[in-house]
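Engineer: Heads up: the protein sequence lines correspond to chains Z and V, in order.
My numbering puts the first sequence at residues 50 to 725.
My numbering puts the second sequence at residues 398 to 475.
Okay, here's the structure, questions in a sec.
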Amino acid sequence: MLEPKPMSRVLIVGHKNIMNDTVETLHNLNVYHIEDYNEEEPGLEIGKPFESAEDISKKLVKIRSLSNYLGVKGDESVSEDADKVWSNLDDRLNELDTKITEKTEEKSELESKLKDIENLKKDLQPLSNIPLDLDLYRGYENISVFTGTVKENMDSLETDISDITNLYEIWKDPDWNAIALFVYKDYAGQVSKILSDYSFKELRIPEKSGVPKDILSKSEEDKQSIEEKIESIDEEIESIKEQYSNFILASDELLSMEAEKAEAPLKMATSENTFVIDGWVPDDEYDTVVQSLDKATNGHAYVSIVEAEESDEHEEHSEEITPPTEYNNSKFAKPLETVMDLYSRPRFKELDPTSLIFIALPLFYGMMLGDVGYALVILAAAFGVKKYVNMESLKPVMNVLIYCQIFSFIFGILYGEAFGISLGTTHAGVPPWSPEPLYELFGATFESHGHGFLSGLIPGFETIYLFEFPFTNEMVSFPFHRPDAVLTLIVLTAVLGIIQINIGYVLGMVNVYRNHGLMDAILEKGSWIIIELGVLLAALGFLEYAPTTILGLAVFIIGFAMLFKGEGVKGAVELPSLLSNVLSYARIAAVGLSSIYIAYIVNEIAFVMLSPDTSILLAILSILVFIFGHALNTVLGVIAPGLQALRLQYVEFFTKFYDGGGKKYNPFGRIRKYTE
Amino acid sequence: MAAEQFAMIDPAGYKAIGAGIAVGLAGIATGIAEKDIGSAAVGAMAENESLFGKGLILTVIPETIVIFGLVVALIVGA
Numbered sequence: 050m051l052e053p054k055p056m057s058r059v060l061i062v063g064h065k066n067i068m069n070d071t072v073e074t075l076h077n078l079n080v081y082h083i084e085d086y087n088e089e090e091p092g093l094e095i096g097k098p099f100e101s102a103e104d105i106s107k108k109l110v111k112i113r114s115l116s117n118y119l120g121v122k123g124d125e126s127v128s129e130d131a132d133k134v135w136s137n138l139d140d141r142l143n144e145l146d147t148k149i150t151e152k153t154e155e156k157s158e159l160e161s162k163l164k165d166i167e168n169l170k171k172d173l174q175p176l177s178n179i180p181l182d183l184d185l186y187r188g189y190e191n192i193s194v195f196t197g198t199v200k201e202n203m204d205s206l207e208t209d210i211s212d213i214t215n216l217y218e219i220w221k222d223p224d225w226n227a228i229a230l231f232v233y234k235d236y237a238g239q240v241s242k243i244l245s246d247y248s249f250k251e252l253r254i255p256e257k258s259g260v261p262k263d264i265l266s267k268s269e270e271d272k273q274s275i276e277e278k279i280e281s282i283d284e285e286i287e288s289i290k291e292q293y294s295n296f297i298l299a300s301d302e303l304l305s306m307e308a309e310k311a312e313a314p315l316k317m318a319t320s321e322n323t324f325v326i327d328g329w330v331p332d333d334e335y336d337t338v339v340q341s342l343d344k345a346t347n348g349h350a351y352v353s354i355v356e357a358e359e360s361d362e363h364e365e366h367s368e369e370i371t372p373p374t375e376y377n378n379s380k381f382a383k384p385l386e387t388v389m390d391l392y393s394r395p396r397f398k399e400l401d402p403t404s405l406i407f408i409a410l411p412l413f414y415g416m417m418l419g420d421v422g423y424a425l426v427i428l429a430a431a432f433g434v435k436k437y438v439n440m441e442s443l444k445p446v447m448n449v450l451i452y453c454q455i456f457s458f459i460f461g462i463l464y465g466e467a468f469g470i471s472l473g474t475t476h477a478g479v480p481p482w483s484p485e486p487l488y489e490l491f492g493a494t495f496e497s498h499g500h501g502f503l504s505g506l507i508p509g510f511e512t513i514y515l516f517e518f519p520f521t522n523e524m525v526s527f528p529f530h531r532p533d534a535v536l537t538l539i540v541l542t543a544v545l546g547i548i549q550i551n552i553g554y555v556l557g558m559v560n561v562y563r564n565h566g567l568m569d570a571i572l573e574k575g576s577w578i579i580i581e582l583g584v585l586l587a588a589l590g591f592l593e594y595a596p597t598t599i600l601g602l603a604v605f606i607i608g609f610a611m612l613f614k615g616e617g618v619k620g621a622v623e624l625p626s627l628l629s630n631v632l633s634y635a636r637i638a639a640v641g642l643s644s645i646y647i648a649y650i651v652n653e654i655a656f657v658m659l660s661p662d663t664s665i666l667l668a669i670l671s672i673l674v675f676i677f678g679h680a681l682n683t684v685l686g687v688i689a690p691g692l693q694a695l696r697l698q699y700v701e702f703f704t705k706f707y708d709g710g711g712k713k714y715n716p717f718g719r720i721r722k723y724t725e
Numbered sequence: 398m399a400a401e402q403f404a405m406i407d408p409a410g411y412k413a414i415g416a417g418i419a420v421g422l423a424g425i426a427t428g429i430a431e432k433d434i435g436s437a438a439v440g441a442m443a444e445n446e447s448l449f450g451k452g453l454i455l456t457v458i459p460e461t462i463v464i465f466g467l468v469v470a471l472i473v474g475a
């Protein structure tokens, strides 16, 4: 349970003529984690891909670019017959390619036409109010034509020109500040000087004939028809996508598999006639691998287990061939592996704490949120997301959230809260909120509970006082009203922290013992437990429960000395972290309290405005406040307790024993999704 | 005159002010500490997304400061 899956290093050796069968078999089994061969040794070199590799990757590139262009999305319901897809893959792929190429070419042609029209429009727009045929702008022998825009006053321009000559004709468009000026060519030089004073900018006259206004309105029509055509092409492409998307998904999968197989020799060591595959197989799969290979190659493949070298000296060297880690957890704890991967996968020789945080994470979360109402809402949301959001990576996260809500529900009953409303009787003025004002609103009568107690949501559910908690002198009751027993809650969470931290130290001892031996384990991790014992004894003595002050101090010093020997100055510096780590668990109480106070205030604001003579508007407002307030608190109720519970695992718990940095077990093969 | 005014303030008020200061200052301290770590963590994540877990952990480490403040506030208030 706490161990990753046991693995063995398995070497497969054979003649090259069975290489294909071997690769095929291993790919189908999907259990063999190939260790890449990358040291060149004399006589052994990295293998060459099978001949088919080039062809396959070409097709794969084609299908992926098509898939990308069409935006094909994964669809779990797709399940095609592999042989059928494979047999006419080439034909259909070419067919699809031609269709798409045809359509895209057509489309890009239309798009370039559209662009031409846009450019024409830009050129002609300034002249649109000048009713001259474009032919009239060119082809003169004795007249110079200036067409363009000016920045400054157009009226004074005309007077300036008439000062030089009156052999001119000018057309103006005041909207665009555009002019078309025809001047006898002898004056062209002088006129152009004047024009430059007016910041004249020449316009290009398109090689077309006709009045600009007409050309523009015609091009507008053209533009519309082109746009319609493009739209219909897009529709056609969409229908091609629908027609072929199953094929694309299935053939992408098949080709990927073939590509993996064809490129497998790149991971192997090969000599002229033989090949060697080095890798890892889970122990329980070893027999299957041997049998399947025997069957596929008629016993020509030689499979053997390589015993791990047990020596510390080689540790640095053997770093490259550390086994991959595959989790080995029960089905229920599996979703928590996502939480582990988020931090770092355990190394092969390390304990895998997934099963422990499977309990601790939801427990801490539940202690923080602890509300029946929120638990049910989030539970429903999590199931909804699982059902309707088609994302593989979200599922484990939702499962973790569901575990968390189960604990949240249980603690909700222990705390007697639903949406911050008290289930049982409660004090006035402190959370959880009593729904008594609501009862009054509907004219309900209720018996007096005495001592300022108000009714809860469940009639007859009286708060029972159980006992006075030692140290804090607060009464422990059922349901447990958190604001009434804050100190008790802090003490309880600290105790929880001490328990988890010590589990961490024990696991740490096991880890160190495995890698460095018993002595180091006791000095590095055991010393912390001895230090804690010393502190406990000294504290008991100090509080005069037992005469152990001196003994406690002595134990503490022994522990400290051991720690110093084990970890050096680093250990000594970290000593105060023991206190801060334990106190850190007080966040379980603190985050919970903040949540319940927010809920209390939402209820208070929502229902304070209700009275028998409330207007309908106010009643609606009150309901809105209730819904939005609690929606906000629900979202906060996922984020805050979630992150804090996670942090307690990562920072307070894992730092005691966990290194991580394991390699992912990534077997050669593929789980088929779209083909059978 | 001054003594009379002091006497009029409810002692619970002092407690509340003390608790408020404890949480408030601790919260500011946490914020200051987290802002640097957080921005560095986001930067690291932009380079390598698998650092999310480590970044998250490093970012929330100073959170303990405000928890201390909150614990003090709760003890003062209780």
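All C-beta atoms, glycine included, are put in the ideal place defined by N, C-alpha and C.
(1) For a test of the three-state rule: what should DSSP assign to Z/Ser483, helix, strand or coil?
(2) Alpha carbons only, please: which of Z/Trp135, Z/Ile408 and Z/Ala689 is nearest the one belonging to Z/Lys108?
(3) Taking all protein chains shown into account, do 16 or more other C-beta atoms lie within 10 angstroms of the C-beta of V/Ile414, making it buried, or fewer, making it exposed?
(4) Is it true that the region 165-182 of chain Z meets the region 254-266 of chain Z, where meeting means three or more beta-carbon pairs spaced less than 8 Å apart?
(5) Assign Z/Met524 to one of three DSSP states: helix, strand, or coil.
(6) Which of helix, strand or coil does DSSP assign to Z/His476?
(7) For the region 454-467 of chain V, which residues have a CB atom closer than 8 Å to at least one CB atom of chain Z, in sequence order?
(8) Evaluate Z/Gln698 with the Cβ neighbour count: other Cβ atoms within 10 Å of its Cβ, from every protein chain shown; 16 or more gives buried, anything less gives exposed.
(9) Between V/Leu422 and chain Z, is there a C-beta pair that is closer than 8 Å?
(10) Please classify Z/Met56: does DSSP put it in a helix, a strand, or coil?
(11) Report yes or no: do three or more beta-carbon pairs, one from the region 684-697 of chain Z and one from the region 643-659 of chain Z, lie closer than 8 Å?
(12) Residues bridged to Z/Tyr514 by DSSP?
(13) Around the Cβ of Z/Gln273, are there at least 16 other Cβ atoms within 10 angstroms (buried) or fewer (exposed)?
(14) When you check each C-beta in the region 536-550 of chain Z against every C-beta of chain V, which residues fall closer than 8 Å?
(15) Taking the continuous alpha helix (DSSP H) assigned at Z/Ile451, which residues delimit it?
(16) Please check if any C-beta of chain Z sits within less than 8 Å of the C-beta of V/Gly417.
(17) In the DSSP assignment, what are the bridge partners of Z/Thr198?
(18) If we cut at 8 Å on Cβ distances, does Z/Ser360 have a partner in chain V?
(19) What do you get for Z/Val80, buried or exposed, if any count of 16 or more other CB atoms within 10 angstroms of its CB means buried?
(20) Buried or exposed, going by whether 16 or more other CB atoms sit within 10 Å of the CB of Z/Glu362?
(21) In this structure, does DSSP put Z/His349 in helix, strand or coil?
(22) Return the chain-ordered list of same chain residues with a C-beta closer than 7 Å to the C-beta of Z/Phe784, the five sequence neighbours on each side being excluded.
(23) Write down the C-beta distance between Z/Ile286 and Z/Lys152 rounded to the nearest angstrom, noting that I regard them as a contact closer than 8 Å.
(24) So, with DSSP's three-state summary, where would you put V/Ala419?
(25) I'd like to confirm something about Z/Lys290: is its beta-carbon nearer than 7 Å to some heavy atom of the ligand MN, or not?
(26) In whole angstroms, what is the alpha-carbon distance linking Z/Trp577 and V/Leu448?
(27) Using C-beta distances below 8 Å, list every residue in its chain close to Z/His76, excluding the 5 sequence neighbours before and after it, in chain order.
(28) Kindly say whether Z/Leu391, judged by its beta-carbon, lies nearer than 8 Å to any beta-carbon of chain V.
(29) For Z/Tyr723, which of helix, strand or coil comes out of DSSP?
(30) In its own chain, which residues sit with a C-beta less than 6 Å from the C-beta of Z/Thr727, not counting the 5 before and 5 after it?
(31) Hey, out of V/Asp407, V/Gly417 and V/Met405, whose CA is closest to V/Val473's CA?
(32) Between which two residues does the alpha helix (DSSP H) carrying Z/Gly615 extend?
(33) Give me the residue from Z/Leu443, Z/Ser633 and Z/Ile210 with the minimum Cα distance to Z/Lys242.
(34) Would you mind telling me which residues of chain Z sit closer than 7 Å to V/Ile472, beta carbon to beta carbon, in chain order?
(35) Is the distance from the Cβ of Z/Gly575 to the Cβ of Z/Phe324 below 8 Å?
(36) Please classify Z/Asp662: is it buried, with 16 or more other beta-carbons within 10 angstroms of its beta-carbon, or exposed?
Structural biologist: On the basis of the supplied data:
(1) Within the first sequence, the letter at position 434 stands for residue 483 of chain Z. Coil.
(2) For the purposes of this step, residue 108 of chain Z is taken as residue 59 along the first sequence, with counting starting at 1. The option with the nearest alpha carbon to Z/Lys108 is Z/Trp135.
(3) Translated into positions along the second sequence, residue 414 of chain V becomes position 17. Exposed: under 16 other Cβ atoms inside 10 Å.
(4) yes
(5) Here residue 524 of chain Z refers to the residue found at position 475 when the first sequence is read from its first residue. Strand.
(6) For the purposes of this step, residue 476 of chain Z is taken as the residue at position 427 of the first sequence. Three-state DSSP puts Z/His476 in a strand.
(7) Ile454, Val457, Ile458, Glu460, Thr461, Ile464, Phe465 and Leu467
(8) By 1-based counting over the first sequence, the position of residue 698 of chain Z is 649. Its Cβ being crowded by 16 or more others within 10 Å, Z/Gln698 is buried.
(9) If you number the second sequence from 1, residue 422 of chain V lands on position 25. False, the Cβ-Cβ gap to chain Z never drops below 8 Å.
(10) In the first sequence, the residue the question calls residue 56 of chain Z occupies position 7. Z/Met56: strand per DSSP, three-state reduction.
(11) yes
(12) Walking along the first sequence from the start, residue 514 of chain Z turns up at place 465. Per DSSP, Z/Ser526.
(13) Taking the first sequence and counting its residues from 1, the one referred to as residue 273 of chain Z is at position 224. By the 10 Å Cβ count, Z/Gln273 comes out exposed.
(14) Leu536 and Ile539
(15) On the first sequence, residue 451 of chain Z is found 402 positions in, with the first residue counted as 1. That run of the alpha helix (DSSP H) goes Leu443 to Tyr464.
(16) Looking up residue 417 of chain V in the second sequence gives position 20. No, because no Cβ of chain Z sits closer than 8 Å to the Cβ of V/Gly417.
(17) Position 149 of the first sequence, counting from 1, holds the residue named residue 198 of chain Z. According to DSSP, which records beta bridges pairwise, Z/Thr198 is partnered with Z/Ala227 and Z/Lys250.
(18) Against the first sequence, residue 360 of chain Z aligns to sequence position 311. Only weak support is given to the placement of Z/Ser360: the predicted model assigns it a pLDDT of 48, under 50, and the value that follows is read from those uncertain coordinates. No - not a single Cβ of chain V is within 8 Å of the one on Z/Ser360.
(19) Locating residue 80 of chain Z in the first sequence gives position 31, where the first residue counts as 1. Buried, because 16 or more other Cβ atoms sit within 10 Å of the Cβ of Z/Val80.
(20) Position 313 of the first sequence, counting from 1, holds the residue named residue 362 of chain Z. Note that Z/Glu362 has pLDDT 43, beneath the 50 cutoff, so the model's placement of it is unreliable and the number below is only indicative. Per the 10 Å Cβ criterion, exposed.
(21) Counting from one through the first sequence, the residue named residue 349 of chain Z turns up at place 300. Of the three classes helix, strand and coil, the one that applies to Z/His349 here is coil, per DSSP.
(22) Chain Z is shown from 50 up to 725; residue 784 of chain Z falls before or after that span and cannot be answered.
(23) To locate residue 286 of chain Z, count along the first sequence from 1; it is residue 237. To locate residue 152 of chain Z, count along the first sequence from 1; it is residue 103. Confirmed, Cβ separation roughly 5 Å.
(24) By 1-based counting over the second sequence, the position of residue 419 of chain V is 22. Reduced to three states, the DSSP call for V/Ala419 is helix.
(25) Looking for the ligand MN in the displayed structure turns up nothing, as the structure carries no ligands at all.
(26) By 1-based counting over the first sequence, the position of residue 577 of chain Z is 528. By 1-based counting over the second sequence, the position of residue 448 of chain V is 51. Distance between the alpha carbons of Z/Trp577 and V/Leu448: 30 Å.
(27) Counting from 1 along the first sequence, the entry for residue 76 of chain Z is found at position 27. Hits under 8 Å: Met306, Glu309, Lys310, Ala313, Phe717, Gly718 and Arg719.
(28) For the purposes of this step, residue 391 of chain Z is identified with residue 342 of the first sequence, where counting begins at 1. Output row for Z/Leu391: interface = yes.
(29) For the purposes of this step, residue 723 of chain Z is taken as residue 674 along the first sequence, with counting starting at 1. Reduced to three states, the DSSP call for Z/Tyr723 is coil.
(30) No information on residue 727 of chain Z is available, as it lies outside the stretch 50 to 725 that chain Z covers here.
(31) What you label residue 473 of chain V is simply residue 76 of the second sequence in a count that begins at 1. Selected option, being the one with the closest Cα: V/Gly417.
(32) Your numbering for residue 615 of chain Z matches position 566 in the first sequence. Run containing Z/Gly615: Thr598 to Glu616, per the alpha helix (DSSP H) assignment.
(33) Numbered from its first residue, the first sequence carries residue 242 of chain Z at position 193. The shortest Cα separation from Z/Lys242 among Z/Leu443, Z/Ser633 and Z/Ile210 belongs to Z/Ile210.
(34) Locating residue 472 of chain V in the second sequence gives position 75, counting from the first residue. In chain order: Leu536.
(35) Within the first sequence, residue 575 of chain Z is the residue found at index 526, counting from 1. Within the first sequence, residue 324 of chain Z is the residue found at index 275, counting from 1. No.
(36) Numbered from 1 along the first sequence, position 613 holds the residue referred to as residue 662 of chain Z. Per the 10 Å Cβ criterion, exposed.
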